[in-house]
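Peer 1: Numbering (mature numbering (1 follows the signal peptide of the UniProt record, and there is no 0)), first residue to last: -23 to -1, 1 to 262.
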Amino acid sequence: MKLQLLKLFLVCLCTSFSFSALAQADFQGKAYYESKTTAEMPDFGGRQISDEQKKRIEERMKSLFEKSYILSFNRSESIYKEEEKLAAPSSSGGRGFRGPGDLSAGPKYKNIKTNQVIVDQEFFGKQFLIKDSLPKLVWKMENETKQIGQYTCFKATAVKMVSGTDITSFRGPRRGGEDEDKSKEEETVEPREVTVTAWYTPQIPVNQGPDDYWGLPGLILEVSADKTTILCSKIVLNAKDDTEIKIPTKGKVVTQEEYTEIATKKMAELRESFSGRGPGGGGRR
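Encoded structure:
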């Protein structure tokens, strides 16, 4: 423990001279992240879909769960959004599997001073503007360090609740009896606790991080929660061109609780549709 505290002190001491200069400047930067999620292959259609169709679904799922993001930040604000890339041509003429990809989060704005988060979220053709208080995690400082690039990082852990509307928790119907299917579906909707592991560096003195994560004494460079890992691959500080942080403004204004209720209802409808028990689905005999 003493060694850990000494190392933290030395890192802070080595950077304290630059901190005083940064405090007088309009300190800003960009952090580039790679996000990867391990997700179960949903059993859409059971034996009714071909191996070729399953392969296309697997490729689509992989593209959904491996993404690149840019976090633009200053001392009090940040915006986290997916890096724009040219879409790969679709062999199915643009009519391939879409599935839960429509649930991908849009640009996410965080303001530490006002304790506010604003998310520009498109959900199955409808535009929402989610406005709420910043999600707060109770961080526990751990006695571990590691090097990420040129930065010395310190470990912190926390516990968070994961909503059933998270795309990584989405599951298609499973084969078996209706009671088994129903229990599986309900299990994925219920919120559950997961452990969050973050690595932050005091060498970049902002309380920011990727996605929902913030509140540590330095920029978060890596975070793992449940089946998702987000890792910083590049940092650009005080570039000549200003780091623009635009607050999202378009969409129907809702709170996170209201949006979760809307999304949960839609997810239930999707599960009913996939299982063939929804309107016009024919049902099981």
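Backbone N, C-alpha and C fix where the C-beta goes; we use that ideal spot for every residue, glycine too.
Can you list, in chain order, the residues of its chain whose CB lies under 6 Å from that of S210, leaving out five sequence neighbours each side?
Peer 2: Around S210: Y9, E11.
Peer 1: Taking all protein chains shown into account, do 16 or more other C-beta atoms lie within 10 angstroms of the C-beta of G102, making it buried, or fewer, making it exposed?
Peer 2: With fewer than 16 other Cβ atoms within 10 Å, it is exposed.
Peer 1: In three-state terms, what does DSSP make of F42?
Peer 2: If DSSP states are grouped into helix, strand and coil, F42 belongs with the helices.
Peer 1: Can you tell me the Cα-Cα spacing of I212 and T172, whole angstroms?
Peer 2: If I take the Cα positions, the gap works out to 26 Å.
Peer 1: To which residues of the same chain is D109 closer than 7 Å at the C-beta, ignoring the five residues directly before and after it?
Peer 2: Hits under 7 Å: V94, T232, Q233.
Peer 1: Is P112 closer than 8 Å to V139 when the C-beta atoms are compared?
Peer 2: The answer is no: Cβ separation not under 8 Å.
Peer 1: According to the Cβ coordinates, are I181 and G192 closer than 8 Å?
Peer 2: Result no, Cβ atoms of I181 and G192 do not sit closer than 8 Å.
Peer 1: Hey, quick one: how far does the beta strand (DSSP E) through K58 stretch, first residue to last?
Peer 2: Start and end: 54 to 59.
Peer 1: Mind checking which residues open and close the beta strand (DSSP E) that includes I89?
Peer 2: Note, I89: premise wrong, no beta strand (DSSP E); not H, not E.
Peer 1: Tell me the DSSP secondary structure of Y236 in three-state form.
Peer 2: Of the three classes helix, strand and coil, the one that applies to Y236 here is helix, per DSSP.
Peer 1: Report yes if the C-beta distance between A216 and K137 is below 8 Å; otherwise report no.
Peer 2: No, they are not a contact pair.
Peer 1: Please indicate yes or no: does the CB of L41 lie closer than 7 Å to some heavy atom of the ligand SAH?
Peer 2: With respect to small molecules bound, the structure shown includes none, and the ligand SAH cannot be examined in it.
Peer 1: Note the first and the last residue of the continuous beta strand (DSSP E) segment covering T14.
Peer 2: T14 -> beta strand (DSSP E) spans 5 to 14.
Peer 1: Residue range of the beta strand (DSSP E) that I125 falls in?
Peer 2: Residues 117 to 125.
Peer 1: Which residues mark the beginning and the end of the beta strand (DSSP E) in which A202 is found?
Peer 2: 196 to 202 is the span of the beta strand (DSSP E), which, as asked, contains A202.
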